[in-house]
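Taken in order, these protein sequences are the chains called A, B, C and D.
Following my numbering, the numbering of the first sequence begins with 1 at its first residue and continues without gaps.
Following my numbering, the numbering of the second sequence begins with 1 at its first residue and continues without gaps.
Following my numbering, the numbering of the third sequence begins with 1 at its first residue and continues without gaps.
Following my numbering, the numbering of the fourth sequence begins with 1 at its first residue and continues without gaps.
Note that beta-carbon positions come from the ideal geometry of N, C-alpha and C, so glycine has one too.
Note that the structure is a prediction, hence the values are computed from the model and not measured.
Everything on this sheet refers to the single structure shown next.
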Amino acid sequence: MPRIVVDVMPKPEILDPQGKAIAGALPRLGLTGFAEVRQGKRFELTVEGEVTEAVLEQARTAAITLLSNPVIEDVTRVEVIEDVQ
Amino acid sequence: MPRIVVDVMPKPEILDPQGKAIAGALPRLGLTGFAEVRQGKRFELTVEGEVTEAVLEQARTAAITLLSNPVIEDVTRVEVIEDVQ
Amino acid sequence: MTVETPLIGSSAAPIPDETLTGIRVGVISFPGSLDDRDAMRAVRIAGGTAVDLWHGDHDLKGVDAVVIPGGFSYGDYLRAGAISRFAPLMEQISAAASSGTLPVLGICNGFQVLTEAHLLPGSMIKNNHLHFLCRDQRLKVENTTTAWTSSYNAGDEIVVPLKNQDGQFVADERTLDELEGEGRVVFRYVGGNPNGSRRDIAGISNAAGNVVGLMPHPEHAVEAGFGPDSSAFGDVGLRGGVDGLDIFTSVLKKLVK
Amino acid sequence: MTAVKFNIDTVDHAVQTPDVELPWAALGLKDNEFQRVVEILGRRPTAAELAMYSVMWSEHCSYKSSKVHLKQFGDKVTEGMLEHLLVGIGENAGVVDIGDGWAVTFKVESHNHPSFVEPYQGAATGVGGIVRDIISMGARPVAVMDPLRFGAIDHPDTPRLVHGIVAGIGGYGNSLGLPNIGGEVVFDSVYQGNPLVNALAVGVLRHEDIRLANASGVGNKVVLFGARTGGDGIGGASVLASESFDAGKPSKRPAVQVGDPFAEKVLIECCLELFKASVVEGIQDLGAAGISCATSELASNGDGGMHVELTSVLLRDPTLTPGQILMSESQERMMAVVTPSNVASFEAIMDKWNVEYSWLGEVTDTGRLIIEWDGEKIVDVDPRTVAHDGPVYNRPFHRPTWLDAVQADSFSADRPADLKAAVLKLMASPNMCSKDWVTNQYDRYVQGNTALAMPDDAGVVRVDEETGLGIALSTDANGRYSYLNPYEGARLALAEAYRNVATSGAKPMAVTDCLNFGSPEDPEVMWQFAESVRGLADACQELGVPVTGGNVSLYNQTGGVPIHPTPVVGVLGVFDDVARRTPSGWREDGQAIYLLGTTRNELDGSEWANLHGHLGGQPPAVDLGAEKTLAAILVNSSRDGMIDAAHDLSEGGLAAALSEAALRFGVGARIALDELCERDGVDPFTALFSESQARAVVAVPRSEEVRFNDMCTARNFPRLRIGVVDAENGALDVQGHFVLPLAELKEVHEATLPNHFA
Ligand SMILES: Nc1ncnc2c1ncn2[C@@H]1O[C@H](COP(=O)(O)OP(=O)(O)O)[C@@H](O)[C@H]1O
Ligand SMILES: [Mg+2]
Chain A
1 MPRIVVDVMP
11 KPEILDPQGK
21 AIAGALPRLG
31 LTGFAEVRQG
41 KRFELTVEGE
51 VTEAVLEQAR
61 TAAITLLSNP
71 VIEDVTRVEV
81 IEDVQ
Chain B
1 MPRIVVDVMP
11 KPEILDPQGK
21 AIAGALPRLG
31 LTGFAEVRQG
41 KRFELTVEGE
51 VTEAVLEQAR
61 TAAITLLSNP
71 VIEDVTRVEV
81 IEDVQ
Chain C
1 MTVETPLIGS
11 SAAPIPDETL
21 TGIRVGVISF
31 PGSLDDRDAM
41 RAVRIAGGTA
51 VDLWHGDHDL
61 KGVDAVVIPG
71 GFSYGDYLRA
81 GAISRFAPLM
91 EQISAAASSG
101 TLPVLGICNG
111 FQVLTEAHLL
121 PGSMIKNNHL
131 HFLCRDQRLK
141 VENTTTAWTS
151 SYNAGDEIVV
161 PLKNQDGQFV
171 ADERTLDELE
181 GEGRVVFRYV
191 GGNPNGSRRD
201 IAGISNAAGN
211 VVGLMPHPEH
221 AVEAGFGPDS
231 SAFGDVGLRG
241 GVDGLDIFTS
251 VLKKLVK
Chain D
1 MTAVKFNIDT
11 VDHAVQTPDV
21 ELPWAALGLK
31 DNEFQRVVEI
41 LGRRPTAAEL
51 AMYSVMWSEH
61 CSYKSSKVHL
71 KQFGDKVTEG
81 MLEHLLVGIG
91 ENAGVVDIGD
101 GWAVTFKVES
111 HNHPSFVEPY
121 QGAATGVGGI
131 VRDIISMGAR
141 PVAVMDPLRF
151 GAIDHPDTPR
161 LVHGIVAGIG
171 GYGNSLGLPN
181 IGGEVVFDSV
191 YQGNPLVNAL
201 AVGVLRHEDI
211 RLANASGVGN
221 KVVLFGARTG
231 GDGIGGASVL
241 ASESFDAGKP
251 SKRPAVQVGD
261 PFAEKVLIEC
271 CLELFKASVV
281 EGIQDLGAAG
291 ISCATSELAS
301 NGDGGMHVEL
311 TSVLLRDPTL
321 TPGQILMSES
331 QERMMAVVTP
341 SNVASFEAIM
351 DKWNVEYSWL
361 GEVTDTGRLI
371 IEWDGEKIVD
381 VDPRTVAHDG
391 PVYNRPFHRP
401 TWLDAVQADS
411 FSADRPADLK
421 AAVLKLMASP
431 NMCSKDWVTN
441 QYDRYVQGNT
451 ALAMPDDAGV
461 VRVDEETGLG
471 IALSTDANGR
481 YSYLNPYEGA
491 RLALAEAYRN
501 VATSGAKPMA
511 VTDCLNFGSP
521 EDPEVMWQFA
531 ESVRGLADAC
541 QELGVPVTGG
551 NVSLYNQTGG
561 VPIHPTPVVG
571 VLGVFDDVAR
581 RTPSGWREDG
591 QAIYLLGTTR
601 NELDGSEWAN
611 LHGHLGGQPP
621 AVDLGAEKTL
631 AAILVNSSRD
641 GMIDAAHDLS
651 EGGLAAALSE
661 AALRFGVGAR
671 IALDELCERD
681 GVDPFTALFS
691 ESQARAVVAV
701 PRSEEVRFND
711 MCTARNFPRL
721 RIGVVDAENG
731 ALDVQGHFVL
741 PLAELKEVHE
751 ATLPNHFA
């Protein structure tokens, strides 16, 4: 079944304690190539049937009302993905 | 600065309590087009300088050693993204 | 039946036992560990000597056993236990634990660290109700041959506090069958599964039985007056439950032998 | 790091350009306030100075409307009240001597508005902020509490707030390893757009470990450590995006702060290690007004001067301007003063805990707070004028015109015939139902010293493992009582918290308060505030317990409608040995149940009246003399082993107390009301539902009855044997009226919150 992916990231100006903890751990594993890490969420919404514009619109609504908190997060993507891994 | 994105999703056979809760909430918002929801994580690793193959390799290592737990999660993507939103 | 006003500490006053005092149990602290001092207190009340270990050290200080305590190491931000697993001291612990010699107990966050370090199978995900839950939990002790459970009788039930947010134990069916088949399910929830854990599993061991992980907190049921309000071994005074104490006496007694 | 080059508004520049338009109004300063700043400086302020004055002179930081009233907490203390006070009002938190060289510091604060905007983070950072106050006194935090108020339970916005706030309190407190030992959950539509999120923290220290927020010792180093500074909490000040006020480019500053409890936990351990190694001279947490507050307070409380290089501040967002850096309210930061000889030891401890720090400057004796940006002077002020000499208002107030009519409207609904149904209805109501759904999300075990917590009357924590020395805490407020009569309402809040602490067996010692009110610019609200402070100060004097610190939260109103005046009062009590604490439920079959105190026909403002949508009349009468005697009886009988259970009577009266005492351990009782009704001249309904004060029910072992009665007689305190514990019947049997099976009671009592929120 087709899926719509919704990516949600912490707003750039907002503190991301999770990303910060990861950024602190990477060098201890010898992985020193990264200046910053941000951790966000990725949702996969499986669509029953065809992905119509109406369904996509539903996904966009879900993204801004339920899946993200507009005070601290941005929805960075709402997109249909191929059903392959 | 360029970023590498790492997507991590719960394994299909593992129950995803957060995804389930979202799937339960959507119809209450009148969003009925979705059969299933899975919640995963999206990491953005900012690279200082150029994204060389070595850095990408570091990201892949980070993805499978630290950013995901192979018992419950799959790394579904490790990729450079353009620095645009 | 008359019961006096319960006095804290009365029933948990340790009977000093020179041989037990000689046993050194290390408790490792990570940044964000919370129940480390409590685990050390439990070791002392059981009669042993508690030794504090620092995650960043490379030295096990010659301890005879190790407790990885509860808490939110590194905030539990990525996954519970995920970052702690890479602490320098964990290398020593992993080596000694997998050789089957060093008894290691992971409580709550400690259990999560052990699964992340692959010293125990399976993993923990968010509770099925998605909330942090703190309650007094009844457990059944199903394996009394491990380093940490030998003071119990098979089938004993105990009441210890449970408190976590990511406490749902998951593993694939094959692993679960294997755990069951080999008798490595050490503790099981009874009287209601608090978080959706597969097959009501609350604690497991490795094949050798020296490494045990347990989600609820036995170190909070070791001192009368500060434990749960109930015990599976009969009526107790106010907050008089000390059912967790035998976890710590088990390892001390085993090590004395 | 080289500083970002702004078009910096230096002191020199300010002198040369006296006529530049400054956005003082947008920053919240009033015309006269801005004029005062100009007067103080003898020139226009620089952008950075304006930032400092505007945040430090805000209501939140300067207490400009409340100061003249709060003075009473100091004026009305007696010698005796000061006896155990090691540090009083004015510091980050008060410190109380509890004996054996131990001291306790505690304080309650509000985080109301941020919690409405972003419930999870607002509540979380509320806990974080109050805990840092406790650390900065030199103490190890040992517990938290959370008095909460929400709108109507069935309002569509209430689940958002309940879920977010409860998860936020738990998410932060649980991650810090601080047991949550009590609080309140109240639903009332007056809090719809203004939930109250108050957080209390308590810490423990040795006398010699007390640290104060002052910068003394010329040449000592000033260091900022903990989290990096970001743009948090300066959303309202976006006008400062350009320090020269010429470019109007919009700035994107987060209006909410995100908490990092892990960083704070590390900060706690790291600070405790600093204290143990004696490497800090003075320390201050960074809360509201961030670096502005820390530098000006440290300097003015110490030798009077400080010199700081602002580009040394480690930033999360490199585009911040100097004014924004000064105003930022980024969480999990501390500022300390360190002697040059301790610098290396300080750095070693930071490195061990992996905490970032940066040396900002040093203490001087110039009487000036000088802040430079890359060597250029952008602030040159007398720090006292920023920290302490803010405006003080004697705001007009008058008794509300509507109050007479409200007070005349006494509750007169018919007495229900079915008392069993009435008890069930009461105990299932939003305010009287079990709060387990909330409190089960909080860790009450961590640290291993919790001797009593929810749902008992007070939280009790052991301080000294050797001796059992410990403390008890309770927080209370009743907004409806305060609405009906703010003077008496504040006294009632104190009386209840005091009674709760004594009920647990502890001797009440000290008070903290969080005064939640509407707008001080409304003379009627201001009157409520003035009356509340007067009432609380009077009552503290009468009970002999000093206020050691607290917080004022004003402007809690939506659409011109203020919340009920809600003075949340926290009382701290002390135990010689927490082994003697008294639980609120009975367990032993056959023990006698006594009611202490007198019952009057006092239903105005009660939970029962509230259930019928009625709010009028006068709140229950306050008799602090009776409260004192009751407390003495409860404390003595706990110490001497004369009682095995005690539960105070407050909201919901005897009906609630009996129900809760039975549900605590699932043990029933047989109760007879006849003698009580006859003695006090009340009907059975009133006996059960009146909220008369200075009452408690206790369970007395048979062997202690004589001694217990003698003690009450000696103190001339009314008591009545109203029943007996019945461990067999599994019911609350109020003879001649109803038999209420505990299973039935438990079910309705526990179902309410899950029904709405699970
Ligand atoms: N938000 C909360 N956090 C922690 N404990 C709470 C909270 N709300 C209520 N409680 C606890 O539940 C119990 C019952 O509350 P309440 O009836 O308000 O107590 P009381 O009337 O004795 O002040 C008390 O132990 C109280 O501390
Ligand atoms: Mg009470």
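Residue j beta carbon less than 8 Å from that of residue i
i                : j                : result
Ile34 (chain B)  : Leu45 (chain A)  : Here residue 34 (chain B) turns out to be Phe, not Ile, going by the sequence shown. Yes, Cβ-Cβ distance for Phe34 (chain B) and Leu45 (chain A) is below 8 Å.
Gly302 (chain D) : Gly282 (chain D) : yes
Pro562 (chain D) : Asp456 (chain D) : no
Glu362 (chain D) : Asn214 (chain D) : no
Phe575 (chain D) : Ile471 (chain D) : yes
Asp146 (chain D) : Ala93 (chain D)  : no
Ser65 (chain D)  : Pro520 (chain D) : yes
Ile204 (chain C) : Arg184 (chain C) : yes
Gly230 (chain D) : Leu267 (chain D) : no
Phe411 (chain D) : Leu603 (chain D) : yes
Where residue i falls: helix, strand or coil (DSSP)
i                : result
Lys253 (chain C) : helix
Glu275 (chain C) : Any answer about residue 275 (chain C) is impossible in this case: the structure gives chain C only from 1 up to 257.
Glu243 (chain D) : Low per-residue confidence applies at Glu243 (chain D): pLDDT is 39, beneath 50, and the placement is therefore not dependable, though the value from the model is reported in the following sentence. Three-state result, Glu243 (chain D): coil.
Gly74 (chain D)  : helix
Ile210 (chain D) : coil
Lys377 (chain D) : strand
Met306 (chain D) : strand
Ala208 (chain C) : coil
Proximity test, residue i beta-carbon vs ligand 3 heavy atom, cut-off 7 Å
i                : result
Trp437 (chain D) : Of the ligands one can find in the structure shown, namely ligand 1 and ligand 2, none is ligand 3.
Exposure label - residue i; buried when at least 16 CB within 10 Å
i                : result
Trp437 (chain D) : buried
Thr32 (chain B)  : exposed
Lys41 (chain B)  : buried
Gly42 (chain D)  : exposed
Thr65 (chain A)  : exposed
Glu184 (chain D) : buried
Glu660 (chain D) : buried
Arg11 (chain D)  : Note that residue 11 (chain D) is Val in the sequence shown, not Arg. Label assigned to Val11 (chain D): buried.
Any C-beta of chain E under 8 Å from that of residue i
i               : result
Thr10 (chain D) : Any reference to chain E falls outside this structure, whose protein chains are A, B, C and D.
Which runs of the beta strand (DSSP E) fall wholly inside the region 130 to 193 of chain C and span at least 3 residues, in chain order? 133 to 141, 157 to 164, 168 to 170, 185 to 190
May I have a chain-ordered list of the beta strand (DSSP E) segments no shorter than 3 residues that lie completely inside the region 393 to 452 of chain D? 450 to 452
Answer yes if the region 563 to 572 of chain D comes into contact with the region 508 to 522 of chain D, meaning at least three C-beta pairs across the two stretches below 8 Å, and no otherwise. These segments touch.
In chain order, what are the residue ranges of uninterrupted alpha helix (DSSP H) at least 4 long that sit wholly in the region 48 to 122 of chain C? 88 to 98, 109 to 116
So within the region 598 to 652 of chain D, which uninterrupted beta strand (DSSP E) runs reach at least 3 residues, ignoring any that extend past its ends? Given a length threshold of 3 residues, each whole run of the beta strand (DSSP E) inside the region 598 to 652 of chain D is given here in chain order: 645 to 648.
Mind listing, in chain order, the continuous alpha helix (DSSP H) runs of no fewer than 4 residues lying wholly within the region 14 to 59 of chain D? 31 to 41, 47 to 56
Indicate whether the contact test is met: 3 or more Cβ pairs, each with one atom in the region 366 to 376 of chain D and one in the region 309 to 321 of chain D, closer than 8 Å. yes
Would the region 614 to 633 of chain D count as touching the region 404 to 416 of chain D if we require 3 or more Cβ pairs under 8 Å? yes
The region 83 to 100 of chain D in contact with the region 452 to 469 of chain D per 3-pair CB rule at 8 Å: Of all C-beta pairs linking the region 83 to 100 of chain D to the region 452 to 469 of chain D, three or more are shorter than 8 Å, placing the two stretches in contact.
Is there contact here, the region 533 to 546 of chain D with the region 438 to 445 of chain D, by at least three beta-carbon pairs under 8 Å? Judged by pairs of C-beta atoms under 8 Å, the region 533 to 546 of chain D does not touch the region 438 to 445 of chain D, as fewer than three such pairs exist.
With contact counted as at least three CB pairs below 8 Å, one residue from each stretch, are the region 196 to 210 of chain C and the region 220 to 234 of chain C in contact? no
The region 458 to 465 of chain D / the region 722 to 734 of chain D touching (three or more Cβ pairs under 8 Å): Below 8 Å, too few C-beta pairs join the region 458 to 465 of chain D and the region 722 to 734 of chain D to call them touching: fewer than three.
Mind the definition here: the region 695 to 711 of chain D touches the region 590 to 608 of chain D only if three or more C-beta pairs lie below 8 Å; say whether that holds. Judged by Cβ distances under 8 Å, the region 695 to 711 of chain D makes contact with the region 590 to 608 of chain D, as three or more pairs qualify.
Any alpha helix (DSSP H) of 4 or more consecutive residues that is wholly inside the region 645 to 729 of chain D: Segments of the alpha helix (DSSP H) lying fully in the region 645 to 729 of chain D: 653 to 665, 674 to 680, 684 to 689, 705 to 714.
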